[in-house]
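Colleague:
There are 4 protein chains.
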Amino acid sequence: MSGSIFGKMFRISTFGESHGPALGVIIDGCPSNIPITLEDIMKNMDRRKPGNAQIGTTRKEADEVEILSGVFEGKTTGTPIALLIRNTNQRSTDYGKIKDVYRPSHADYTFDQKYGIRDYRGGGRSSGRETAARVAAGSVAKLFLEQLGIQVTAYTRSIGSVVVTDKDFALDEVSQNPVSMPSNTVSTKALELIAKARENKDSIGGTVECIITGLKPGIGETVFDKLDALLAYAVMGIGGVKAFEVGEGIHASTMYGSEYNDGFYMKDGKVTKSTNHSGGILGGMSDGSDILLKAHFKPTPSIAQTQQTITKNLEDTTIEITGRHDPVIVPRAVVVVESMVALTLADLILCDLGANIEHIKKIYQ
Amino acid sequence: MSGSIFGKMFRISTFGESHGPALGVIIDGCPSNIPITLEDIMKNMDRRKPGNAQIGTTRKEADEVEILSGVFEGKTTGTPIALLIRNTNQRSTDYGKIKDVYRPSHADYTFDQKYGIRDYRGGGRSSGRETAARVAAGSVAKLFLEQLGIQVTAYTRSIGSVVVTDKDFALDEVSQNPVSMPSNTVSTKALELIAKARENKDSIGGTVECIITGLKPGIGETVFDKLDALLAYAVMGIGGVKAFEVGEGIHASTMYGSEYNDGFYMKDGKVTKSTNHSGGILGGMSDGSDILLKAHFKPTPSIAQTQQTITKNLEDTTIEITGRHDPVIVPRAVVVVESMVALTLADLILCDLGANIEHIKKIYQ
Amino acid sequence: MSGSIFGKMFRISTFGESHGPALGVIIDGCPSNIPITLEDIMKNMDRRKPGNAQIGTTRKEADEVEILSGVFEGKTTGTPIALLIRNTNQRSTDYGKIKDVYRPSHADYTFDQKYGIRDYRGGGRSSGRETAARVAAGSVAKLFLEQLGIQVTAYTRSIGSVVVTDKDFALDEVSQNPVSMPSNTVSTKALELIAKARENKDSIGGTVECIITGLKPGIGETVFDKLDALLAYAVMGIGGVKAFEVGEGIHASTMYGSEYNDGFYMKDGKVTKSTNHSGGILGGMSDGSDILLKAHFKPTPSIAQTQQTITKNLEDTTIEITGRHDPVIVPRAVVVVESMVALTLADLILCDLGANIEHIKKIYQ
Amino acid sequence: MSGSIFGKMFRISTFGESHGPALGVIIDGCPSNIPITLEDIMKNMDRRKPGNAQIGTTRKEADEVEILSGVFEGKTTGTPIALLIRNTNQRSTDYGKIKDVYRPSHADYTFDQKYGIRDYRGGGRSSGRETAARVAAGSVAKLFLEQLGIQVTAYTRSIGSVVVTDKDFALDEVSQNPVSMPSNTVSTKALELIAKARENKDSIGGTVECIITGLKPGIGETVFDKLDALLAYAVMGIGGVKAFEVGEGIHASTMYGSEYNDGFYMKDGKVTKSTNHSGGILGGMSDGSDILLKAHFKPTPSIAQTQQTITKNLEDTTIEITGRHDPVIVPRAVVVVESMVALTLADLILCDLGANIEHIKKIYQ
């Protein structure tokens, strides 16, 4: 099992190596009659692309998506939707020198151990490029969710030690700066930090936060397939994520019940909670409040500093990785987190409410 | 889908409400010829039981396990193993008053929203009692892993603000104190904190840490079904867990690549890493190092303080929850975390190496 | 994978050996608020029991079912429903002599080859007794389907060469004879054939037919998960079934398109077909007509005649099997076919229409 | 769920409509280090193509396959293998007239009922063209099986009433006639029958038979996931199959146990069976004998005779279908049956023996 299929009812199957001919995805189980255009997809693809020389790799990929099936006269038909993304700018020559050396913090060593063979021209399936297929699929999931009034919104909460505090938080500024932070002021500091890291031939980690609005109560299952468990699975499956939090997250472990518990009360005839420490999930099911989660990313593994490592023949050596690499992955990962969250929600909604968009809409009126 | 089946090849299916006749589990896919005794299972069941009046509920359940199938002459046969645990000490009368009131931070409200019906005699499937079936199944998974020299060891890292630091850390003391902390000294402080919380009609959260040793490289899949993603899913599926970390976890987000990356080197002919910030996982696959993860638990939701809430008829009210409840769930959750981790590993090993114990053993020699 | 879990959304997990302490099943994913009584289940269990000394084994099992979870105040709650059936009349001594001999047409040899261990006290998981758990689960599926006006009705179409022709066919006579044939006259001949077979220390095969009424168009998926493909999987998974037909079945292979094709026409404002050669399925989806399928069973493998075979140590030998065995399995298999068909339909309906009974009912009004 | 994913461990995900831009498949879970060339795939693709104007459609598709991922330097890498087949000869204008009319025995009506939208330019996902993706995937499965010495061989057993009897049977003649029959003499009669049917604007059904050799005992699971049940699911999922048989098939229902049971005996130190009525499967597991199965196909639904039917607006009408259609689908379906059988075996072998080709080979030496 190579583990490239995700979901139970809204299922995606992805393929593609960073330096092969193409990447892509098949979406099996998307409800029919969802309006869809190539622009809807490209809007998300563009958010994943390296937009800014200051922070991103200089590899330029158009990431043009071709819709091969499942869409007819501008609507989904209920049959599998195949989306194809050709690689156009791979430069395998860059990678000749890593053919026989295991890069630290990369998957080269584990790939060889597992499969006994590896496409050494790049990261292969472990390259960040793999996420292009997730974003293409996530775009379709988001179009489905939008039909129900459900929104998934992610942004960069921190890069290294530069954090957007609640005081600075302005959601409408996310699209106004190259690091997708909800604060233009803080983003300037983050850009300085990134520039510094690049100067030092170094890289840096960061945190993506995500809010789900519009989800009705009862989505998610009560035991193993809790909404938070499935979100954790989806988000921890993105390369580089080392921690996942929902609601108060880690902080919950130091809280008292009397502080943590969210009291219910009625407001304008609606069930409301005085606080939302639980992050919108109770017993694994959505409770109708906003859902809040965080994904913490490690620093990009490829750095130009000299690192100790071993060769494929198990001899000590050193390596400097000088290809086209992002000093920070976080800003480009924002839309990837959104995509994985949207795919999880689409899947759970179908599990609960079935595959007929007209029926689902009635429930979500 | 009620989501009570876990795993792909080593699959478990659990059932049972806190106040119904019984709980239990079917394990479908356990390899044959694994030696197994009831004592092996009871040893783990006993660790989950409230062992100490100071910290636990006063509900006393023997948690006697009956093996109904799949074991013959002391060995697994490869057929489904059914384990039955009768409830003997449920006191439904305690719960009469919560029939029509939604307890804050519990799943009462979301259950009613999802299913339109609820066994109001207790937490039902959302009760901590549900984990008894996980522990029974996890015992079998651990017996399988032990055949391969793989050990899963969990303990309490912190309760509230009382943390076992690396300086105090002594793994052999875990079994010597009622809170399963790797430090008897620190455990004393934790017990004081718990006593204080109980006195204040309050509860408190905490953190469980888990180490996996003996796992060879290459376990886990490269894209969605990464080892860390599946561990996150397994552990976040335990009631009350609000955050999951692997390796450096959240801390990774503030680190530089030059600090974080674990260099490879050869030592005594073996591949070694200078550090283990990655927590034993590279690209979603085990790298042969120890695997390190953490689960952060919220405080127990049931507290005797007066809380604001609503009735089933959506009217404002207040509630004091005075049943038999743990002021802290963490010490009893230690073996639950171990169980879910063991089940995840058993499943992934079968996916990769097949179901024949003799073949697997040859690889794990 | 021992393969004892069935379904995607309405999932069942079964366990139990013929000579172990108990058999049973967990149903995970049954919608909530379905009225259910033990009598509903026992009604089906009784149809599977050997009702008649003339045709059945003399092993007497009460097959009392205990509901362990998932039902509250006479209704399903949406949580897993566990059903337990204790074995009470196993006589392991009967089986001592088959400990070391592989019975022809049984699974003794393949079990040993696959697992290297076998509960030699009986057929274990390959015993017909295993189907008790299927029938218990199928009862619940049928209760769900009845809420939607869907009926699944099976009967014996033939035993050996004794066939109920269309001329003799009377559905209301099925419950009036011990072989569940839709013809009391023909059943008499069948009983004679069975008596003769028993006299000759022999056994005989037969055919079960099944009709589904009330299913709306569009159930079943278009490519791999066609309704007929999933029904074939469900029915061929019953021990002893060697062939499966839908609609015209084998006969279709000798027909011309002009004979076979079912013309559509309108009648009283409803879409109707002039014939139903397709058996109610077009392109893998239900077309609103009755669905017709057949399961062909081999003769019971256990016969008292002397048979050539080998021992566990791979030496030639002979065997006479003289335990308590049915000379024909078909009449008792009728309710098993019904159960597997009902489970398949329940699962596909949930996949398509979701898990909420109120929403599904609106569609099926 | 649109049901276009097949398998548990060796999983394929297909896409593509008959008149869309392309069809294709992703294979997720193929073991690494399997030698593979485009020629291996094209050899099978060519068998599916209409090879002979006498019997086939005049639509000419090159069915050129492009390998997009998962293969490196002539070997599989263990990552998903994507195979792309462009449609080049679709003539949508042919289909204008079927936009608003439901063709009898086609899936037009059920598609509209299920999805409320349909790509009316052809059969869409229900077109026989969909099987191109199955054959591409099946080619890879066969390459894997060949590494283990397992062969899957299918051929046409009958067309209409023209049957190859055991007397005429010559396996080496299958590739020598355009209908893939194991008898050149009988094939001549079949071609006459087909010519006659075409002349009469009619179509005809037939039967494909398939033999599996080289499979060791123990493949297949004991309860629901029996080898025969999964083969039935795989084969009944091919469009047009109305019946499935294994071993004696339907004939078993009229046999006595004393006739049917296959006696074991030792021959040259090997376990042997005196007959193979069971078709190589005992208790759902392979028994080491050849496995024999049959798929019975209905006549091609598209015929040029006038047929009664209804419009999309539910009015009575008539239709003559005059596009490019096969009067018989059976000869082209031979390789499709082989493919689905090979995919089923590959999947079950991985479930049992794991994903590492070196380990599996050791067992299959």
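Protein chains in written order, with the working numbering: chain P, 240 to 604; chain V, 240 to 604; chain W, 240 to 604; chain Z, 240 to 604. The C-beta atom is built at its ideal place from N, Cα and C for all residues, glycine as well.
Would you report the Cα separation of S308 of chain P and H490 of chain Z, rounded to the nearest angstrom?
Modeller: Going from the Cα of S308 of chain P to the Cα of H490 of chain Z covers about 43 Å.
Colleague: Short of 7 Å in beta carbon distance, which residues of its chain neighbour Q415 of chain Z, apart from the five on each side in sequence? Order them along the chain.
Modeller: Same-chain partners within the cutoff: N423.
Colleague: Who pairs with I244 of chain P in a beta bridge, going by DSSP?
Modeller: Answer is P:S252.
Colleague: Touching or not, the segment 368-377 of chain P and the segment 435-446 of chain P, by the rule of three or more beta carbon pairs under 8 Å?
Modeller: No: the two stretches stay apart, fewer than three of their Cβ pairs being nearer than 8 Å.
Colleague: Pick helix, strand or coil for C590 of chain P, following the three-state DSSP scheme.
Modeller: Helix.
Colleague: Note down, in chain order, each residue of its chain lying with its Cβ closer than 8 Å to the Cβ of G457 of chain P, except the 5 sequence neighbours on either side.
Modeller: These residues qualify, in order along the chain: M524, S525 and D591.
Colleague: Would DSSP call M420 of chain V helix, strand or coil?
Modeller: Correct three-state label for M420 of chain V: coil.
Colleague: Taking Cβ-Cβ distances below 9 Å as the criterion, which residues of the segment 333-355 of chain W are in contact with chain V?
Modeller: Under the 9 Å Cβ criterion, the segment 333-355 of chain W contributes F350, K353, Y354 and G355.
Colleague: Can you list, in chain order, the residues of its chain with a C-beta nearer than 7 Å to that of Q547 of chain W? Leave out the 5 residues immediately preceding and following it.
Modeller: Answer for Q547 of chain W: T557, listed in chain order.
Colleague: Kindly say whether G259 of chain P, judged by its beta-carbon, lies nearer than 9 Å to any beta-carbon of chain Z.
Modeller: Judged by the 9 Å Cβ criterion, G259 of chain P is in contact with chain Z.
Colleague: Per DSSP, what are the beta-bridge partners of Y495 of chain P in this structure?
Modeller: In the DSSP output, where bridge partners are listed per residue, Y495 of chain P has V:I443.
Colleague: Would you mind sorting E484 of chain P into buried or exposed? The rule is 16 or more other CB atoms within 10 Å of its CB.
Modeller: The residue in question, E484 of chain P, is buried, as its Cβ has 16 or more Cβ neighbours within 10 Å.
Colleague: Quick one: complete beta strand (DSSP E) runs, 3+ long, within the segment 250-290 of chain Z?
Modeller: If we require 3 residues or more, the beta strand (DSSP E) runs fully inside the segment 250-290 of chain Z come out as 250-254 and 261-267.
Colleague: Starting from V567 of chain Z and walking both ways along the alpha helix (DSSP H), at which residues does that stretch end?
Modeller: No alpha helix (DSSP H) contains V567 of chain Z, which DSSP labels as neither H nor E.
Colleague: Per DSSP, A393 of chain Z is paired with what?
Modeller: BP columns for A393 of chain Z point to Z:C449.
Colleague: Taking just the CA atoms, how far does L532 of chain P sit from D411 of chain P?
Modeller: Taking the straight line from one Cα to the other gives about 19 Å.
Colleague: Can you list, in chain order, the residues of its chain with a C-beta nearer than 8 Å to that of F408 of chain W? Leave out the 5 residues immediately preceding and following it.
Modeller: If we look at F408 of chain W and ignore the five residues flanking it on each side, its Cβ neighbours are P421 and S422.
Colleague: For K455 of chain Z, which of Z:G367, Z:I530 and Z:G445 has the nearest alpha-carbon?
Modeller: Here the closest residue by C-alpha is Z:I530.
Colleague: Is there a Cβ of chain P sitting closer than 9 Å to that of Y603 of chain V, yes or no?
Modeller: No, no contact with chain P.
Colleague: At a Cβ cut of 8 Å, what residues of the segment 371-392 of chain V count as close to chain W, listed as they run along the chain?
Modeller: Result list empty, no residue passes.
Colleague: Can you name, in chain order, every residue of its own chain whose Cβ lies under 6 Å from the Cβ of Q390 of chain V, other than the five neighbours on each side?
Modeller: Here the set comprises T452 and G453.
Colleague: Check A372 of chain Z in the structure and name its three-state DSSP category.
Modeller: Helix.
Colleague: Check distances from the C-beta atoms of the segment 480-503 of chain P to those of chain V and list, in chain order, the residues that come in under 9 Å.
Modeller: Listed in sequence order: V480, K481, A482, F483, E484, V485, G486, E487, G488, I489, H490, A491, S492, T493, M494, Y495, G496, S497, E498, Y499, N500, D501, G502 and F503.
Colleague: State the CB to CB distance for the pair S241 of chain W and G317 of chain V, rounded to an integer number of angstroms; the pair is presumed to be in contact (CB under 8 Å).
Modeller: Their Cβ separation, rounded to whole angstroms, is 6 Å, which keeps S241 of chain W and G317 of chain V in contact under 8 Å.
Colleague: What's the C-alpha gap between K609 of chain Z and E303 of chain V?
Modeller: Residue 609 of chain Z lies beyond the stretch modelled for chain Z, which goes from 240 to 604, so this question has no answer here.
Colleague: Where DSSP assigns a beta bridge to Y504 of chain P, which residues make up the other side?
Modeller: In DSSP, Y504 of chain P forms a bridge with P:T511.
Colleague: Using only alpha-carbon positions, find the residue among W:D358, W:A543, W:T461 and W:L469 that is nearest to G255 of chain W.
Modeller: With distances taken between Cα atoms, G255 of chain W lies closest to W:D358.
Colleague: Under a three-way DSSP split, which group does S378 of chain V fall into?
Modeller: Helix, per DSSP.
Colleague: Please say whether E498 of chain V and P566 of chain P have beta carbons closer to each other than 9 Å?
Modeller: No, the Cβ-Cβ distance between P566 of chain P and E498 of chain V is not below 9 Å.
Colleague: Identify the contact partners of F408 of chain V in chain P, using a Cβ-Cβ distance below 7 Å as the criterion.
Modeller: By Cβ distance, chain P contributes nothing, its closest Cβ being about 18 Å from F408 of chain V, past 7 Å.
Colleague: Quick check on D358 of chain V - is its C-beta less than 9 Å from some C-beta in chain P?
Modeller: No, D358 of chain V does not count as interfacial toward chain P.
Colleague: Does any CB atom of chain A fall closer than 9 Å to the CB of S419 of chain W?
Modeller: Among the chains of the structure shown, chain A does not appear; the protein chains present are P, V, W and Z.
Colleague: Nearest to K288 of chain W by CA position, among W:Y354, W:T276 and W:H564, is which residue?
Modeller: Out of W:Y354, W:T276 and W:H564, W:H564 has the C-alpha closest to the C-alpha of K288 of chain W.
Colleague: Whose C-beta lies closer than 7 Å to the C-beta of K338 of chain Z among residues of the same chain, with five residues either side of it excluded?
Modeller: Within the same chain, K338 of chain Z has close Cβ partners Y359.
Colleague: Is the beta carbon of I324 of chain V less than 9 Å from the beta carbon of I265 of chain V?
Modeller: No, Cβ-Cβ distance for I324 of chain V and I265 of chain V is not below 9 Å.
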